[in-house]
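Report on the structure given below.
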Amino acid sequence: MKVKCRTISRGCAEGEVLITSDTISFLGNIDPKTGKVVDGNHELFGQSIKDKVLVFPHGKGSTVGSYVIYQLFKNGVAPAAMINLESEPIVAVGAIISAIPLVDRLEKDPGSILKNGMSIKVNSSEGYVEVPEG
Amino acid sequence: MYLTTEEQAMLDGEEGETLRKAIEILVSLGDIYGADRLIPVKSAQIAGVSYKTIGDAGLEWISDLHGKVRIPSILNPAGMDLQDWEKMRIDPEFAHKQQLIIEAYEKLGISSKCTCTPYYLEGFNAICADHLAWSESSAVSYANSVIGARTNREGGPSALSAALVGKTANYGYHLDEMRKPTVSVTVDYELKGSDYGALGYIVGNIVGSRVPLFILKGKPDNEELKSLGAAMAASGAVALYHVEGVTPEARKNKFARPDENIVIEESQIREIYDKTKPDINDLDIITIGCPHCSPAELSLIAGLLEGTTVSKEVWICTSREVANKYAGIVKSIEKSGAKVICDTCMVVSPATEKYKAMMVNSGKALAYVPGMCGVPTLFGDIYKCIREAVKE
């Protein structure tokens, strides 16, 4: 099933879904060396975002977060792609400088069609997410 | 968003990877905020300079870029005085990384003058209705409010993208309808000097990112407006304000007063001065110049310090260009033992973390120093700051 969405950062990638209803402040929430969520209050605490399709509402916090995303990319522990409900500049800029596909405003609610561990494809260049049927 | 043929070619990578990424950043921010097109900007001021804030990740990103900026571009304050960092007792490893960041920006054709007051510098003067892509929150507030120019508060990468492309996306404060006041603030008490910083500290907390229209008793000068705006951008996220009868757009447009009106009493202003949490006996550093001192402020400080010797660490922060241009005044200030510090400030430099308590005359510094530097902070006007500085 192809689900239409808005392109924020171009590119195409596949990976396993890691989904959270918590927002993410890349500065502070994520360890740039390991890609693990280090904030004890975060729903994804202890999990690695490496190579995942990271699905979260939107970013927050310091604008330095854009550089943290770049550091994750340089350290080889960045997500393969990201999906937001509504993107904001910190994550958008971080994704673009790190060449990580990022989309938002999916035609269908990500919470109802995406499950943790599901393999999906994000084609941001053409503006769709491909999700297995059923 | 509409793109010209040239812009589309850039986005398709025909002018290389750096420009492709730069314009992609501008276009996607434009899409997020509903911009119709890109517009040319006159100059850029780029945040993300201090090694303390951007770290190795930021350094790597800037170092990976190639090419030259297309418009006059300048940097935010760095983490240290780039020439005399030893006098600030900066760690040599930090100094090395900081120099690498500056060199990476210089390679892109960006001026390594690091300041939060680009409007005092040659080549960065702006006039009413000019479009800019500036980053530093107090410079954005000054440009929008005191000059009447137009800029959003750009992030580091988006300002750098604007510098490389020479354009920014047309949204937010570039548009007439976003510049109208949305809340009134009345003060029935004649303010002076650092009172404006105190006022900004209070109002920023209340109005967040709205556009306030001030109705004031006196007529603040540009330095007072500078400290008002800087404090509001720090305690809140105010990027534009108007003062009835004073700031250019308020004079030109005669805005209707918004219905919601906030009244600020004299007692609230006084409270900021009395909020002296740290013990004054712990006071071991006094800093002035947040935002960076103007020539007039330097000259006032020189006058106050004349014939005295300071008994504590005293930093007078300004831009290198202003310091060089007014070298006589700088020399006179330094005769007292006070240090004139360039390219940086008490907020972004790690050097301030070593002190027990700081006195400032800036509402912005009062908002940031306790949290960002972990130093308890006292607030006083410039006269009190100098009196404490020379006290035996």
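Protein chains in written order, with the working numbering: chain B, 1 to 134; chain Z, 1001 to 1392.
Note that beta-carbon positions come from the ideal geometry of N, C-alpha and C, so glycine has one too.
Quick caveat: nothing in here was measured; it's all calculated off a predicted structure.
Chain Z within 9 Å of residue i, Cβ atoms only
i, result
"Ile97 (chain B)", "yes"
"Tyr128 (chain B)", "no"
"Pro89 (chain B)", "yes"
"Ile49 (chain B)", "no"
"Ser9 (chain B)", "yes"
"Lys74 (chain B)", "yes"
"Ala81 (chain B)", "no"
"Pro101 (chain B)", "no"
"Ser66 (chain B)", "yes"
"Ala78 (chain B)", "no"
"Ala92 (chain B)", "yes"
"Thr20 (chain B)", "no"
"Cys63 (chain B)", "For the record, residue 63 (chain B) in the displayed sequence is Thr; it is not Cys. Yes, contact with chain Z."
"Pro32 (chain B)", "yes"
Check whether residue i and residue j have beta carbons under 9 Å apart
i, j, result
"Gly1193 (chain Z)", "Asp1381 (chain Z)", "yes"
"Cys12 (chain B)", "Asp104 (chain B)", "no"
"Ser1137 (chain Z)", "Ala1230 (chain Z)", "yes"
"Asn1152 (chain Z)", "Thr1115 (chain Z)", "no"
"Asp1081 (chain Z)", "Pro1350 (chain Z)", "no"
"Gln71 (chain B)", "Asp1031 (chain Z)", "no"
"Ile136 (chain B)", "Glu130 (chain B)", "This structure cannot speak to residue 136 (chain B), because chain B is shown only from 1 to 134."
"Ala1365 (chain Z)", "Met1346 (chain Z)", "yes"
"Leu102 (chain B)", "Ser124 (chain B)", "yes"
"Ile1039 (chain Z)", "Ala1169 (chain Z)", "yes"
"Val1069 (chain Z)", "Leu1029 (chain Z)", "no"
"Gly76 (chain B)", "Gly28 (chain B)", "no"
"Lys1226 (chain Z)", "Tyr1142 (chain Z)", "yes"
"Ile24 (chain B)", "Lys1021 (chain Z)", "no"
Beta-carbon contacts of residue i that lie in its chain and below 8 Å, excluding the five residues immediately before and after
i, result
"Tyr1326 (chain Z)", "Pro1295, Leu1298 and Ser1299"
"Leu1304 (chain Z)", "Ile1382, Tyr1383 and Ile1386"
"Glu1321 (chain Z)", "Lys1113, Thr1115, Tyr1120, Leu1121 and Glu1122"
"Thr1309 (chain Z)", "Ser1336, Gly1337 and Val1390"
"Leu1026 (chain Z)", "Leu1038, Ser1158, Ser1161, Ala1162, Val1165, Lys1167, Thr1168 and Ala1169"
Own chain, CB closer than 6 Å to residue i, minus 5 neighbours either side, in chain order
i, result
"Phe26 (chain B)", "Gly65, Val68 and Ile69"
"Trp1085 (chain Z)", "Ala1095"
"Glu1106 (chain Z)", "Ser1112"
"Met1232 (chain Z)", "Gly1200, Val1203, Gly1204 and Val1238"
"Cys1373 (chain Z)", "Thr1352 and Glu1353"
"Thr1018 (chain Z)", "Leu1065, His1066 and Gly1067"
Residues near residue i by beta carbon distance below 7 Å, same chain, minus five either side
i, result
"Lys1042 (chain Z)", "Ile1071, Ala1126, Asp1130, His1131 and Leu1132"
"Lys1219 (chain Z)", "Val1246"
"Asp1195 (chain Z)", "Ile1269"
"Phe1255 (chain Z)", "Lys1180, Pro1181, Leu1213 and His1242"
"Gly1208 (chain Z)", "Gly1236 and Ala1237"
"Ser1319 (chain Z)", "Lys1113, Thr1115, Thr1117, Tyr1120, Leu1121, His1292 and Cys1342"
Cross-strand partners of residue i (DSSP beta bridge)
i, result
"Glu130 (chain B)", "B:Lys2 and B:Lys121"
"Val1314 (chain Z)", "Z:Ile1286"
"Pro1212 (chain Z)", "Z:Val1183"
"His1131 (chain Z)", "Z:Arg1150"
"Lys1339 (chain Z)", "Z:Trp1315"
"Gly59 (chain B)", "B:Ile24"
"Met1359 (chain Z)", "Z:Ile1286 and Z:Leu1378"
"Val1292 (chain Z)", "According to the sequence displayed, residue 1292 (chain Z) carries His and not Val. DSSP lists no partner for His1292 (chain Z)."
"Thr7 (chain B)", "B:Val103"
"Ala81 (chain B)", "B:Val53"
"Thr1168 (chain Z)", "Z:Ile1039"
"Ile19 (chain B)", "B:Val55"
"Ser48 (chain B)", "B:Lys36"
Any chain B beta carbon closer than 9 Å to residue i
i, result
"Asp1031 (chain Z)", "yes"
"Lys1021 (chain Z)", "yes"
"Glu1024 (chain Z)", "yes"
"Gly1374 (chain Z)", "no"
"Gly1172 (chain Z)", "no"
"Gly1156 (chain Z)", "yes"
"Ser1138 (chain Z)", "no"
"Ser1349 (chain Z)", "no"
"Ser1028 (chain Z)", "yes"
Residue i Cβ short of 8 Å to the ligand MG heavy atom set
i, result
"Thr63 (chain B)", "Inclusion of the ligand MG in the displayed structure is not the case, the ligand content being empty and no account of it being possible."
Exercise. Taking contact to mean at least 3 C-beta pairs separated by less than 8 Å, is the segment 1306-1318 of chain Z in contact with the segment 1343-1360 of chain Z?
Worked result: yes
Exercise. Can you list, in chain order, the residues of the segment 1047-1070 of chain Z whose Cβ is nearer than 8 Å to any Cβ on chain C?
Worked result: You won't find chain C in this structure, because its protein chains are B and Z.
Exercise. Can you find at least 3 beta carbon pairs, one from the segment 1035-1050 of chain Z and one from the segment 1179-1199 of chain Z, that sit closer than 8 Å?
Worked result: no
Problem set entry | Three or more C-beta pairs below 8 Å linking the segment 71-87 of chain B and the segment 14-22 of chain B | Between the segment 71-87 of chain B and the segment 14-22 of chain B, the count of Cβ pairs shorter than 8 Å is three or higher; the stretches touch.
For this session: Could you tell me whether the segment 1141-1152 of chain Z touches the segment 1003-1022 of chain Z, where touching means 3 or more Cβ pairs closer than 8 Å?
Result: no
Exercise. Does the segment 1164-1177 of chain Z touch the segment 1261-1275 of chain Z, meaning 3 or more C-beta pairs lie closer than 8 Å?
Worked result: no
For this session: Indicate whether the contact test is met: 3 or more Cβ pairs, each with one atom in the segment 1269-1283 of chain Z and one in the segment 1176-1184 of chain Z, closer than 8 Å.
Result: Contact check between the segment 1269-1283 of chain Z and the segment 1176-1184 of chain Z: fewer than three CB pairs, one atom from each, fall below 8 Å, which does not count as touching.
Exercise. Using 8 Å as the Cβ pair cut-off and three pairs as the minimum, do the segment 1241-1253 of chain Z and the segment 1211-1224 of chain Z touch?
Worked result: At 8 Å Cβ cutoff, the stretches touch.
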